[in-house]
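What follows is a short report on a single structure.
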Amino acid sequence: MIEECCARASPAVVALESEGRYPWLQEEYHDDFFLGDYHPIRQDFRAEEFLRATSNQRVIGSVHVEAERSRDEQVAETQWLHQVNERFGFPNAVVAHAWFDRDDCAEILAQQAQFPLVRGFRSNPVTSSAFDQAIAGQPGTMQDSAWLDGFALLEQFNLSWDLRVPPWHLPDAAEVTSAFPQIRIALNHAGFAWEHSEAGLRRWRGRMETLAGQPNGHVKLSEFCLKDEPWGYESNRAVVARHLPL
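Just so we're aligned, residue 1 is where the sequence shown starts under full-length UniProt numbering, counting upward by one.
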């Protein structure tokens, strides 16, 4: 979760015209955000703008992954996305949100699953801020029995899990993936290859290999940028090249 991996700075309220409330964009700014300066995205980007931006591309479909809208509006976000689909024809699938470790998990999953575009959930477990920080078994982690009980409900609804964790938690995620072979799991952001040095990529690849052997695991090739560094073709190419054999 953004609140867990970033240091907070003084709030600076941003007014958006979009429906709903997005605290991390509108009310909080984190100087230590893992992608660096994100001021440029603290603004509206509506369906009409998306259509203009992609007018020269052959977009065959789109998936909206929950965008950390205020958690008391998580079902409202899904409802709004269906309204956007009715008007513009996209998004074509939705990855919604529910907290797996909360008492209302089953209720929220059931509400979200009623919407026809919902294909899965992204619910970020509690993670550590560094590889040498031990938190296994704490509330909200991937070893927490309450979290695992909520996660197990995805099989009942035939829904997938979008997994987003720092790379040092990939072995933990592999254990969950193995324990629930009927639940499809999509690793977000290429497993966060945050170190593009040879040594860093070797560490990242070793962690990725713990997931690679799981038949129900998949990976999204996205989010190759590094904090405070320019977008580099060769650097990103090295990450993609290491994914392919996996």
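Cβ atoms here follow ideal geometry from the backbone N, Cα and C, with glycine treated the same way. Everything numeric in this text was worked out from a predicted model, so none of it was measured.
{"Check": "Find the nearest neighbour of Leu51 within the set Gln74, His218 and Val84, judged by alpha-carbon distance.", "Outcome": "Val84"}
{"Check": "Would you decide whether His39 is buried or exposed? Buried here means 16 or more other CB atoms lie within 10 Å of its CB.", "Outcome": "exposed"}
{"Check": "With Gly120 as the anchor, note down where its beta strand (DSSP E) starts and where it stops.", "Outcome": "Val118 to Arg122"}
{"Check": "Flag this pair as touching only if the segment 132-145 and the segment 153-161 have three or more C-beta atom pairs under 8 Å; answer yes or no.", "Outcome": "no"}
{"Check": "Give the DSSP bridge partners of Gly137, in chain order.", "Outcome": "According to DSSP, Gly137 bridges with nothing at all."}
{"Check": "Is it true that the CB of Arg122 sits closer than 9 Å to the CB of Ser70?", "Outcome": "no"}
{"Check": "May I have a chain-ordered list of the alpha helix (DSSP H) segments no shorter than 4 residues that lie completely inside the segment 18-42?", "Outcome": "23-26"}
{"Check": "Could you tell me if Asn56 is buried or exposed, where buried requires 16 or more neighbouring beta carbons within 10 angstroms of its beta carbon?", "Outcome": "exposed"}
{"Check": "Per DSSP, what kind of secondary structure is Gly200 in: helix, strand or coil?", "Outcome": "helix"}
{"Check": "Roughly how many angstroms lie between the CA atoms of Arg184 and Gly217, to the nearest whole one?", "Outcome": "6 Å"}
{"Check": "Using the Cβ count rule (16 or more neighbours within 10 Å means buried), how would you classify Ile41?", "Outcome": "exposed"}
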